[in-house]
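Residues in the sequence shown are numbered consecutively from 260, following the numbering used here. Quick reminder that beta carbons are idealized off the backbone N, C-alpha and C, glycines included. Quick caveat: nothing in here was measured; it's all calculated off a predicted structure.
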Amino acid sequence: MTSVQSGSFWQHFQSYLDDEILIKKLLLSHDPDRRRLNSEMLLSAVENIVFHATASEDLVSDKPVNVNFKSNISNIELIESPEPLMHTIYKIAHEMLCKSSGKEDLHTRTMASFDLLGSHRLGAKAALALAAFVISYGEFNLLMQLRPHIPLAVSIANFKQIPSNMSMLKPQVKALRSLSKTMVDLTKCIIEFEALPLVHVGLDMEDLAVIKPKIYVTAYWIIRSTLVCSFQIKSLMAMKPEQVYSNITIAAWELLSLDNRLSSIYSHLRPQVDAFRRQTKAKMHQKLLSLFKKSHIDNQDVLQMLFALKDNLPLKDCSTQEKLGVSALKSKVVLLLISKPDLLPFEQLFFLVNQTYDHPHNDKTEGSYAIIWVPISFYEAWIDTEQKWFDFISNSMPCYLVRQPWSLNSAVVNFMKQEWNYGGEAIMVDLDSEGMITNLNALDMVFIWGSKAYPFSLSRENELWDGEKWKMQLITNEIHPILTQWVEEGRNICIYGSENLDWIREFNAKMKDIKDVGMQHEMIYVGKNNPGEHTKEILSIMNREIQSNLLSFTKIQLCWLRLESMRRSKSRLGNNANTDNVLAQVSALLDNNNDNGWAVYGKGLSTDIVRVEGDEIFRCLNLFRQWAENVGRLEFIDALRTVLEPPLVEGPCNHTQVVPYSEGLVQGNMVCQNCKRLMKKFTIYE
Numbered sequence: 260m261t262s263v264q265s266g267s268f269w270q271h272f273q274s275y276l277d278d279e280i281l282i283k284k285l286l287l288s289h290d291p292d293r294r295r296l297n298s299e300m301l302l303s304a305v306e307n308i309v310f311h312a313t314a315s316e317d318l319v320s321d322k323p324v325n326v327n328f329k330s331n332i333s334n335i336e337l338i339e340s341p342e343p344l345m346h347t348i349y350k351i352a353h354e355m356l357c358k359s360s361g362k363e364d365l366h367t368r369t370m371a372s373f374d375l376l377g378s379h380r381l382g383a384k385a386a387l388a389l390a391a392f393v394i395s396y397g398e399f400n401l402l403m404q405l406r407p408h409i410p411l412a413v414s415i416a417n418f419k420q421i422p423s424n425m426s427m428l429k430p431q432v433k434a435l436r437s438l439s440k441t442m443v444d445l446t447k448c449i450i451e452f453e454a455l456p457l458v459h460v461g462l463d464m465e466d467l468a469v470i471k472p473k474i475y476v477t478a479y480w481i482i483r484s485t486l487v488c489s490f491q492i493k494s495l496m497a498m499k500p501e502q503v504y505s506n507i508t509i510a511a512w513e514l515l516s517l518d519n520r521l522s523s524i525y526s527h528l529r530p531q532v533d534a535f536r537r538q539t540k541a542k543m544h545q546k547l548l549s550l551f552k553k554s555h556i557d558n559q560d561v562l563q564m565l566f567a568l569k570d571n572l573p574l575k576d577c578s579t580q581e582k583l584g585v586s587a588l589k590s591k592v593v594l595l596l597i598s599k600p601d602l603l604p605f606e607q608l609f610f611l612v613n614q615t616y617d618h619p620h621n622d623k624t625e626g627s628y629a630i631i632w633v634p635i636s637f638y639e640a641w642i643d644t645e646q647k648w649f650d651f652i653s654n655s656m657p658c659y660l661v662r663q664p665w666s667l668n669s670a671v672v673n674f675m676k677q678e679w680n681y682g683g684e685a686i687m688v689d690l691d692s693e694g695m696i697t698n699l700n701a702l703d704m705v706f707i708w709g710s711k712a713y714p715f716s717l718s719r720e721n722e723l724w725d726g727e728k729w730k731m732q733l734i735t736n737e738i739h740p741i742l743t744q745w746v747e748e749g750r751n752i753c754i755y756g757s758e759n760l761d762w763i764r765e766f767n768a769k770m771k772d773i774k775d776v777g778m779q780h781e782m783i784y785v786g787k788n789n790p791g792e793h794t795k796e797i798l799s800i801m802n803r804e805i806q807s808n809l810l811s812f813t814k815i816q817l818c819w820l821r822l823e824s825m826r827r828s829k830s831r832l833g834n835n836a837n838t839d840n841v842l843a844q845v846s847a848l849l850d851n852n853n854d855n856g857w858a859v860y861g862k863g864l865s866t867d868i869v870r871v872e873g874d875e876i877f878r879c880l881n882l883f884r885q886w887a888e889n890v891g892r893l894e895f896i897d898a899l900r901t902v903l904e905p906p907l908v909e910g911p912c913n914h915t916q917v918v919p920y921s922e923g924l925v926q927g928n929m930v931c932q933n934c935k936r937l938m939k940k941f942t943i944y945e
């Protein structure tokens, strides 16, 4: 028993010495420069080939095959490299195939491949070697799958002298598939480890000193295995019939031996990488929490931690397609628009652009702030549909965005979900020029006031509401330029809504009678909250019959979007409908489910607004002759109010109101707020 243990010890010790010598040699050839490869996406493309090569189903079909966006080699970037990605892959493939039959032993050829890839990181080395291997591996499997179905495949297989009896190849092919999958799994471990922000979170150096040599040795054995696999695929061609059985048996044994070695490495490395990932994730979360509590001289540390852990150019300017670093945002207020990859419904996206980049006030704030779109997948990993949405929107938006959002650090994504309450609905986190959070969701501010809300902080939101009153300008602002013009001109405006077509027809007829006698007003139909297909149908009928509605369906949606934003903004600031008139009025419109409709009457910038609902509207309009007599002396809204709001005081009223002198007010009239009668005017000189 003692001799066995002693032999096992010396065997383990010898293996340790061999690895030490190997690591020293690998370190001499490992000299990564500034070039950066998206190894994760390249490995995904490799894995896709391995998967389809392993699948036993008949792939010959007329149906199109969906390819994962990560499997598309054209989407994979090799940054700051003197040659394109495919040139590098073909160079390695040439090394594998053309020098595989030379006099050099396998270790020497593995080190030569390591030298060839010396400028790349370890994960990139392994991924590139696998990519070079799967070209020949994929072609071989494609030929075998097509051979029973397509004469051309038969001719090519015969030309390459591939054995016609495929059953004899099964042990070797099976071993190839198993080893290929193990190599992919091990390469994932290396890439995941290298992607961890180890420098930023300060993990234990002793733990790192233990795992890093294992990463080097793992990369070596992956590259060595790709050379063996490539040589075996090449050897299948021009094999003499009498050699087939013995050669395939030896080849299968060699592959299985390698697979056992790599599987053993994987069983030890995978748990260690997972443990490092968990530690890094926890420390990263704490680092982010600490970062947002500290004061900074600018926003660079914060933006670096959020977006530039893996990439020095993590952003893109959609308008120019230029890649940018976070330094482009220095000294700016930054709005992080966090959403699903499909961002926002079209009408909201349109309004967001209109309220920021196309807003008249933007000339005053241009260059002072920037919007960064941060798309976050709804799933654990990005899917094809999300990628297509991202590609489409990213070519249409005028803002900045994260170029490769699928590469965002998972700890950063979780931080946004947990600390910023991102749950799938779009939010806009406001960071000031020093990187401090001043508003966890400024999106409603943007929808309500546009770039006038700059710098989009919570204090600015309170300030804007302090200056707002319930008036027509607040309801209609920026919905339509003509509507904005009417408000500025001081016109009488009636906004109304219903999905009862008979009510709409009757209401318009009565309002037309009022207009025909000289009482000018503008009519704006807005349907009801959450307008849908029925609203579209009503608009179509109204355009044919009445030909008077200003707003399109999209504009109607925007009108309700702004009202929803007002309610959310007010509620988030702690207001309630019992004490806040604006919130009460907005909520009344949003919650109105009266099929008999409603109407809001107002004039220009005046805060005197009348809201009428249901049958009360027609009762008022039927008494038109009674209140119309007052229009000559009163404003349209005041005259209407004399019917809607009966006198609060019976008999004579002694209420007095002193109004400061204002140009144009001398000829005007006022209605008493108590008795709703016309007030007698006197002039006081001081």
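Check	Outcome
Where DSSP assigns a beta bridge to methionine 300, which residues make up the other side?	BP columns for methionine 300 are empty, so no partner.
Considering methionine 675, what are the terminal residues of the alpha helix (DSSP H) in which it resides?	669–678
Rank Val633, Phe637 and Glu639 by C-alpha distance to the C-alpha of valine 661 and give the top, closest one.	Val633
Over what stretch of residues does the beta strand (DSSP E) that includes alanine 629 continue unbroken?	628–634
Excluding the 5 residues preceding and the 5 following aspartate 444 in the sequence, name in chain order all residues of the same chain whose CB lies nearer than 7 Å to its CB.	Tyr525
Run the proximity test for alanine 391: is its beta-carbon closer than 7 Å to any non-hydrogen atom belonging to the ligand GTP?	As far as ligands go, the structure on display features none, and thus does not contain the ligand GTP.
Could you tell me whether the Cβ atoms of isoleucine 815 and valine 785 are closer together than 8 Å?	yes
Tell me whether glycine 266 sits in a helix, a strand or coil according to DSSP, three-state version.	Confidence is the limiting factor: at glycine 266 the pLDDT is only 45, short of 50, which leaves the residue's position unreliable, though a coordinate-based value still follows. Helix.
Between which residues of its own chain and serine 489 is the CB-CB distance below 7 Å, once the five residues before and five after are set aside?	Met355, Leu356, Ser359, Phe392 and Ser395
What residues are listed by DSSP as bridge partners for methionine 687?	Leu596
According to DSSP, is threonine 697 helix, strand or coil?	strand
Nearest-angstrom Cα distance between proline 341 and alanine 685?	40 Å
Counting pairs of beta carbons, one from the stretch 774–782 and one from the stretch 744–763, are three or more of them closer than 8 Å?	yes
Quick check on DSSP: helix, strand or coil for arginine 295?	strand
Could you please give me the residues that DSSP links to valine 393 through a beta bridge?	Bridge partners of valine 393: none, in fact.
Roughly how many whole angstroms lie between the Cα atoms of leucine 548 and valine 705?	27 Å
So, with DSSP's three-state summary, where would you put alanine 858?	strand
Tell me where the alpha helix (DSSP H) around leucine 798 begins and ends.	792–804
Provide the residue(s) that pair with tyrosine 784 in DSSP beta bridges, ordered along the chain.	Tyr755
For tyrosine 713, name the three-state secondary structure that DSSP assigns.	coil
Just the Cα atoms here: how many angstroms apart are glutamate 453 and isoleucine 470?	11 Å
Should the stretch 552–567 be called in touch with the stretch 605–618, which here means at least 3 C-beta pairs below 8 Å?	no
Is it true that the stretch 576–592 meets the stretch 670–686, where meeting means three or more beta-carbon pairs spaced less than 8 Å apart?	no
Looking only at its own chain, which residues have a Cβ that is under 6 Å from the Cβ of aspartate 775, when we skip the five neighbours before and after it?	none
Can you look up valine 871 in the DSSP assignment and give me helix, strand or coil?	strand
Should the stretch 690–708 be called in touch with the stretch 636–647, which here means at least 3 C-beta pairs below 8 Å?	no
Pull up the distance between the alpha-carbon of tryptophan 745 and that of glutamine 732, whole angstroms please.	10 Å
On the criterion of 16 or more Cβ atoms from any shown chain inside 10 Å, does serine 671 qualify as buried, or is it exposed?	Per the sequence shown, residue 671 should be read as valine rather than serine. Buried, since its Cβ has 16 or more Cβ neighbours within 10 Å.
Nearest CA to the CA of phenylalanine 399: which residue from Gly382, Met345 and Ser494?	Ser494
DSSP on serine 320, reduced to helix/strand/coil?	The predicted position of serine 320 is uncertain, since its pLDDT is 42 and thus under 50; no value can be drawn from it.
Would alanine 511 pass as a contact of glutamine 431 if the rule is Cβ separation under 8 Å?	yes
Check for me: the beta strand (DSSP E) holding tyrosine 659 runs from which residue to which?	659–661
Closer than 8 Å is the cut-off here; do at least three beta carbon pairs connect the stretch 637–656 with the stretch 595–604?	yes
Would you kindly work out how many angstroms separate the C-alpha atoms of threonine 446 and isoleucine 631, rounded to a whole number?	32 Å
To the nearest angstrom, report how far apart phenylalanine 310 and glutamine 677 are at their CA atoms.	35 Å
Here's a check: name, in chain order, each residue in its chain whose Cβ is nearer than 6 Å to the Cβ of serine 298, leaving out the five neighbours to either side.	Gly382, Ala383, Ala386 and Ile450
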